[in-house]
Each structure stands twice: as C-alpha cells, then as structure tokens.
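In our numbering, the protein residues as written are 1 to 207. We put the CB at the ideal spot given by N, CA and C, even for glycine.
Right, here's the structure in full:
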C-alpha cells in the first residue's frame with residue numbers, strides 16, 4: 001500500500017553526515033541504485049527498496065498548502081525544485097540521498113511550521129529512536145534520519161522529525177517549533193534537510 005511521508009523543516013549539515021560505519025545498514029553492495037527526478041519529487045529505484053518521495057504540502061500545522069509547480073534544475077552539487085516561498089533540494093550521496101528545504105518567506109498564521117512528504121513504497125516504514133526504518137526480515141534496507149534545522153545566519157533551530165501513518169500514504173513530518181507565531185522568533189528564514197540511506201551504490205541520476 002502506498003505510504004505517505006511527512007517531513008519537517010530540518011536537516012543534516014555536511015559536517016554531520018553519517019559515515020558508512022554509523023548508518024546501521026549492511027555494507028555496500030555492487031547492485032546499483034538509480035534516482036529519477038519527477039515533477040513533484042524523486043523516485044529511487046533500489047534493488048531492495050523502491051520508493052518515491054512526493055512533495056505533499058508545507059506551511060502551518062492544520063493549514064498546509066501545496067508545493068509550487070516546479071521543474072528540477074541543477075545548481076552546483078544540488079538538484080533544486082525552486083519556488084517563490086520554498087525550495088526543495090536534493091544532494092546525491094554514495095549511500096543515498098540528502099533531502100532539504102529552504103523557506104524564503106514565513107507563511108501567515110500561528111502554529112508549527114511543517115513540511116510534509118508522501119512516501120510511496122511497498123514496504124511500511126517504522127519509527128525508532130534511530131529514525132525511520134524500512135526492514136525486510138532481519139535486514140534494515142533503508143533509513144531516513146538526521147534532521148537538523150538552521151536559519152540563514154547559521155543558528156541551529158529546535159525541530160523534530162515524526163512519522164504519521166494515520167493518513168494514507170504514511171507521512172514524514174518535519175516541524176520547526178520556533179515558527180509558532182507571526183512574530184520574529186529569528187530574523188532569517190530556515191533551512192532543513194535529512195538523509196535517506198540504502199546499502200546500494202548510486203548510479204548517475206536519470207531525468
């Protein structure tokens with residue numbers, strides 16, 4: 001059954017990137033994994049875990065808005081889906097994919113600032129203290145983790161990552177508690193990113 005994933009505005013800095021020793025996944029295999037960019041996100045074709053990350057919505061909790069229609073463009077080492085108020089971006093890693101969001105303009109209203117992403121896959125994810133995991137038998141075949149948020153001045157922001165499977169598909173929730181009001185809790189818009197890791201090496205992405 002398709003699984004929705006909800007993402008919050010958080011991310012992993014390059015300095016905090018997980019190394020092969022701490023991914024919690026099997027060692028590299030020689031089987032390839034390919035990334036395909038789509039109008040609303042990305043599809044990952046992996047020998048163990050085929051899934052799609054679909055940009056579902058962003059904004060205040062309970063008042064989410066759709067992501068702007070956008071085509072993927074290449075900027076330096078990232079693939080970016082640009083928007084007037086929010087960008088979604090990805091960085092390809094040997095073991096997986098880094099996913100991030102940059103908010104350019106704070107949405108109106110009160111409450112948590114959230115980013116939600118649908119996760120479409122045959123396997124159902126589970127929430128653990130190590131992040132969101134996909135498991136086959138006794139093998140971990142995928143891991144989504146490492147949420148960090150910061151503002152444009154580089155200051156770390158309080159944030160949290162959650163998995164919501166009470167909706168279909170399951171959703172990953174990324175939320176920034178510093179954006180609870182319209183006031184200026186910090187002066188600059190936030191950036192967030194997470195990492196999705198598998199045990200298979202990356203092939204060049206396909207359009």
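- The criterion of a C-beta distance shorter than 8 Å is satisfied by residue 172 and residue 132.
- Residue environment analysis places residue 71 among the exposed positions, since fewer than 16 neighbouring C-beta atoms fall within 10 angstroms of its C-beta.
- Every unbroken stretch of the beta strand (DSSP E) spanning 3 or more residues and falling wholly within the region 66-148 is given here in chain order: 73-75, 78-81, 86-92, 96-103, 113-121, 126-128, 131-136.
- Residue 155 carries a coil assignment under DSSP once its states are collapsed to helix, strand and coil.
- Buried is the label assigned to residue 125, since at least 16 other Cβ atoms lie within 10 Å of its Cβ.
- Excluding sequence positions up to five before and after residue 156, its CB lies within less than 6 Å of the CB of 150, all in the same chain and listed in chain order.
- Counting other Cβ atoms within 10 Å of its Cβ, residue 62 stays below 16 and is therefore classed as exposed.
- Going by beta carbons, residue 40 and residue 55 fall inside the 8 Å limit.
- Taking a C-beta distance under 8 Å as the contact criterion, residue 66 and residue 57 qualify as a contact pair.
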